[in-house]
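Encoded as structure tokens, the structure appears first; notes follow it.
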Amino acid sequence: MALTIKTHPLDRHLRTDRIPTLYCPGCGLGIGLGAMLRGLQKRIDEGSISPDSVVWVGGIGCSARLSFYVNYDSAHVLHGRAIPFAVGVKLANPELTVIVVGGDGDIAGIGGNHLLHAARRNIDIITVMFTNFVYAMTGGQVAPTTPLGVRTTTTPHGNPEPPLDVVKVVSSLNANYVARASITTPHYIEQYFYKALGMRGFRFIEVVSTCPEVYGRHIGLRDPVEMYNELKKRVIYKPRPTLEEAAINWEKGIVIGEYIVRDNPGFIDFLRGGNK
Amino acid sequence: MRKVFASGNIAVAEAAMTAGLKFYAGYPITPSSDLMEYLAEELPRRGGVVIQMEDEIASINAIIGASNAGVKSMTATSGPGLSLMAEGIGLAVITETPIVIAHVMRAGPSTGVPTKTTQSDIFMVRWLTHGDYIIPSFAPWSVQEAFDLTIKAFNTSEKLRTPVFILSDAILAHVWEPLVVKEPGEVEIIERKTPRSKEGYMPYLPDEDLVPPMAPFGKGYKVLVESLVHDEKGYYAPNNEKYKQLVTRLNAKITRNIDWLFEYEGFFLDDADIVLVAYGSVARTVFALAKQLRSSGLRTGLFRPKTLWPLHEKVIRDRIKGRKIIVVENNIGKLALDVERILCDREVYKAPVLNLESPTLKEVKEAVTQWL
Numbered sequence: 001m002a003l004t005i006k007t008h009p010l011d012r013h014l015r016t017d018r019i020p021t022l023y024c025p026g027c028g029l030g031i032g033l034g035a036m037l038r039g040l041q042k043r044i045d046e047g048s049i050s051p052d053s054v055v056w057v058g059g060i061g062c063s064a065r066l067s068f069y070v071n072y073d074s075a076h077v078l079h080g081r082a083i084p085f086a087v088g089v090k091l092a093n094p095e096l097t098v099i100v101v102g103g104d105g106d107i108a109g110i111g112g113n114h115l116l117h118a119a120r121r122n123i124d125i126i127t128v129m130f131t132n133f134v135y136a137m138t139g140g141q142v143a144p145t146t147p148l149g150v151r152t153t154t155t156p157h158g159n160p161e162p163p164l165d166v167v168k169v170v171s172s173l174n175a176n177y178v179a180r181a182s183i184t185t186p187h188y189i190e191q192y193f194y195k196a197l198g199m200r201g202f203r204f205i206e207v208v209s210t211c212p213e214v215y216g217r218h219i220g221l222r223d224p225v226e227m228y229n230e231l232k233k234r235v236i237y238k239p240r241p242t243l244e245e246a247a248i249n250w251e252k253g254i255v256i257g258e259y260i261v262r263d264n265p266g267f268i269d270f271l272r273g274g275n276k
Numbered sequence: 001m002r003k004v005f006a007s008g009n010i011a012v013a014e015a016a017m018t019a020g021l022k023f024y025a026g027y028p029i030t031p032s033s034d035l036m037e038y039l040a041e042e043l044p045r046r047g048g049v050v051i052q053m054e055d056e057i058a059s060i061n062a063i064i065g066a067s068n069a070g071v072k073s074m075t076a077t078s079g080p081g082l083s084l085m086a087e088g089i090g091l092a093v094i095t096e097t098p099i100v101i102a103h104v105m106r107a108g109p110s111t112g113v114p115t116k117t118t119q120s121d122i123f124m125v126r127w128l129t130h131g132d133y134i135i136p137s138f139a140p141w142s143v144q145e146a147f148d149l150t151i152k153a154f155n156t157s158e159k160l161r162t163p164v165f166i167l168s169d170a171i172l173a174h175v176w177e178p179l180v181v182k183e184p185g186e187v188e189i190i191e192r193k194t195p196r197s198k199e200g201y202m203p204y205l206p207d208e209d210l211v212p213p214m215a216p217f218g219k220g221y222k223v224l225v226e227s228l229v230h231d232e233k234g235y236y237a238p239n240n241e242k243y244k245q246l247v248t249r250l251n252a253k254i255t256r257n258i259d260w261l262f263e264y265e266g267f268f269l270d271d272a273d274i275v276l277v278a279y280g281s282v283a284r285t286v287f288a289l290a291k292q293l294r295s296s297g298l299r300t301g302l303f304r305p306k307t308l309w310p311l312h313e314k315v316i317r318d319r320i321k322g323r324k325i326i327v328v329e330n331n332i333g334k335l336a337l338d339v340e341r342i343l344c345d346r347e348v349y350k351a352p353v354l355n356l357e358s359p360t361l362k363e364v365k366e367a368v369t370q371w372l
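Keeping their order, the protein sequence lines are chains A and B. Each residue of the first sequence is one higher than the last, beginning at 1 in full-length UniProt numbering. Each residue of the second sequence is one higher than the last, beginning at 1 in full-length UniProt numbering.
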């Protein structure tokens, strides 16, 4: 019997002529994107979002490149600058659903200032940050989220910098939604992304991911399955975690859940009011 | 048509709104700030948005995003602000995003003298960022011309899908002069080409004029804006053939339009024995000097490029006749290098003046007469 190749249910969301992707075996990004696309599909199915209105924006890095695999209006722009680009898109056409996707280096490192001000403004975009604890595309340099003491190619004597707790930082500002999931809990990625798509204001989702090829090598977890299982063991779900629990701590566990859920007027609401 | 009394910065802002500006993002920096302040007051009344971003980097990237969402967008800055925008302007080049940047020159390097003028940044707008590109730049000398060339800047950016500079300075920004504000309908406004069909749309597939039709976000074209070297679909293409093709086209779409792009004004050129070359606000003083020298019996002409980049080398060769060419500018002598290169068979002299104010006639005369 001939082998029948069926299309994947998510193919409609992808520029399938670009597959295979450049991602390494064991990379968490495929799981993350798949979950996001399922969340988006639900919104499209229920008629609350038109696929034509969705714009994906990525900066530079492995995670940012998700923006050019999706079969939507999309932009792959400068390192760290996806958020301001997205702000321009949203303000030019508030009818669009604007999604920023990137790694922790892109979003919280070089783009950190833009992240703060997007959250402060409660600007109506969604940012999904994949945290893999390392600069992967450039070859394993230290990231803002690299745990203390870890050896990377630019911290060969051990990372002397405590990591940035991005969830706590964004929560301290005016964001309407701050949640954290993990690629070991794709159902939460899907659920949070679905929820964020239906909200206004600045919505931030951190997705803790695996990078066996680059980060795993530094911490002795190069085998993708082993790395996945180690992360899975450490992920703790709490429905409404406190900000004190937000710090990513490999030993004590990584708390996922919805940290902030608010419905304050978004930037666009103020802008419209201000124009009256 | 309205007759008003306005500054150079206001003229740029008014022209931008006539051209159809709908989005301005900027960060305050002297001497450009009051341009943004004026737009913050006026643009929302005309259906547009003004936002003060967290820095210049955010500003330039926001206007690129807005332009890709289908609206005309601009920013304005000075000195250090443009340094910060360099990478973003390169993004506009490679993604073929129409934007206008008003660069109001002040003294540098670094923080320099924020409130004072120079013409030091003419090479900065030419070779701002990494890679091979040509960014059209216009250098007005009056408030009225600041208006007219800003219209041209928007038309150029839309027609050629490119970033464009308006190169003003602290003098022109804040001098007040009579201005005729033209309304839409009284002046030609060019809009970017949009694709004829969604079928087979490729964001970087050019027409015969080398410019690809541009689809906005939100209309179902599945646009891909790509900062990497890319093929017609916008897919990363790290190979020599596509790189060469893309970079050649990005430059050729500008140079092919040089007859349309290049504007200049000539005074007393036909019988000139000595030709002074000057641009921007300094050209006003040089014009006075040319007249003075002429009345004292020296056959002196003035050639004033309004388009600084790209220069029209043939026009310069054809129009600048005479034994001696003297380039007067408020910097260490920059345009002079190109004039010298283009007119290599003639005597070309640098007459730099370095003055934080508008150079006086006496000062310009001293700089010039050393070569007479």
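Glycine included, every Cβ here is placed at the ideal spot set by N, Cα and C. Since the structure is predicted, the reported quantities are computational estimates derived from the model, not experimental observations.
Closer than 7 Å at the C-beta level to chain A, one finds no residue of the segment 184-213 of chain B.
Taking 8 Å as the threshold, the shortest C-beta distance from alanine 62 (chain B) to chain A falls below it. Chain-ordered, the chain B residues with CB closer than 9 Å to the CB of valine 87 (chain A) read Ala25, Ile51, Met53, Ala58, Asn61, Ala62, Gly65 and Ala66. Following the DSSP letters along the chain, one finds glutamine 144 (chain B) inside the alpha helix (DSSP H) bounded by residues 143-160. Classified as exposed, phenylalanine 5 (chain B) has fewer than 16 neighbouring CB atoms from the shown chains inside 10 Å of its CB.
At a C-beta separation below 7 Å, valine 100 (chain A) has no neighbours in chain B, since its nearest C-beta there lies roughly 11 Å away. Proximity of chain A to valine 229 (chain B) at the Cβ level (cut-off 8 Å) is not reached, the minimal Cβ distance being about 12 Å.
Leucine 224 (chain B): member of the beta strand (DSSP E) spanning 224-226, first to last residue.
The C-beta distance from phenylalanine 123 (chain B) to lysine 334 (chain B) rounds to 5 Å, short enough to meet the 8 Å contact threshold. Counting only Cβ-Cβ distances below 7 Å, glycine 220 (chain B) has contacts in chain A at Asp52, in chain order. In the assembly as shown, lysine 72 (chain B) is a buried residue. Its beta-carbon has 16 or more other beta-carbons within 10 Å. Contact with chain B is absent for valine 128 (chain A), since none of that chain's Cβ atoms lies less than 8 Å from the residue's Cβ. Membership of valine 134 (chain A) in any alpha helix (DSSP H) is not indicated, and neither H nor E is assigned to it by DSSP. One Cα belongs to lysine 232 (chain A), the other to asparagine 264 (chain A), and the distance between them is close to 34 Å. Lysine 242 (chain B) is outside the set of residues whose beta carbon lies under 8 Å from a beta carbon in chain A. Secondary structure at leucine 302 (chain B): strand, using DSSP grouped into helix, strand and coil. Pairing tyrosine 23 (chain A) with leucine 246 (chain B), the inter-Cα distance amounts to about 26 Å.
Using a C-beta cut-off of 8 Å, the segment 218-236 of chain B makes contact with the segment 48-64 of chain A, since at least three inter-stretch Cβ pairs fall below that distance.
Under DSSP, tyrosine 237 (chain A) takes part in a beta bridge, and its partners are A:Ile256. Neighbours of valine 164 (chain B) across chain A, judged by C-beta separation under 9 Å, do not exist; the nearest C-beta is about 17 Å away.
Taking C-beta separations shorter than 8 Å and ignoring five residues to either side along the sequence, the partners of phenylalanine 217 (chain B) in its chain run Asn68, Ala69, Gly70 and Val223, following chain order.
Put simply, the CB of tyrosine 72 (chain A) is near chain B, with a gap under 8 Å to one of its CB atoms.
Per the Cβ contact rule, the segment 252-269 of chain B is in contact with the segment 283-302 of chain B (3 or more Cβ pairs under 8 Å). Between the beta-carbon of histidine 103 (chain B) and that of serine 120 (chain B) there is about 11 Å, and that puts the pair past the 8 Å contact cut. DSSP, reduced to helix, strand and coil, places lysine 365 (chain B) within a helical segment of the structure shown. Less than 8 Å separates the beta-carbon of valine 134 (chain A) from that of tyrosine 215 (chain A). The criterion of a C-beta distance shorter than 8 Å is satisfied by isoleucine 248 (chain A) and isoleucine 254 (chain A).
In the structure shown, arginine 12 (chain A) adopts helical secondary structure according to DSSP, grouped into three states. In the DSSP assignment, glutamate 340 (chain B) falls within the unbroken alpha helix (DSSP H) covering 335-342.
Less than 8 Å separates the beta-carbon of glutamine 52 (chain B) from that of glycine 26 (chain B). Within the same chain, Leu35, Ala76, Ala102, Ala146, Phe147, Thr150, Ile166 and Ser168 come within 8 Å of valine 12 (chain B) by CB-CB distance, once the 5 residues on both sides are set aside. Here the alpha carbon of alanine 367 (chain B) sits roughly 26 Å from the alpha carbon of serine 110 (chain B). Annotation: the continuous alpha helix (DSSP H) that includes phenylalanine 193 (chain A) extends over 186-197.
For tryptophan 260 (chain B), the enclosing alpha helix (DSSP H) starts and ends at 258-261. The Cβ of valine 134 (chain A) sits no closer than 8 Å to any Cβ of chain B. By the neighbour-count criterion, in which a residue is buried when 16 or more other Cβ atoms sit within 10 angstroms of its Cβ, aspartate 338 (chain B) is buried.
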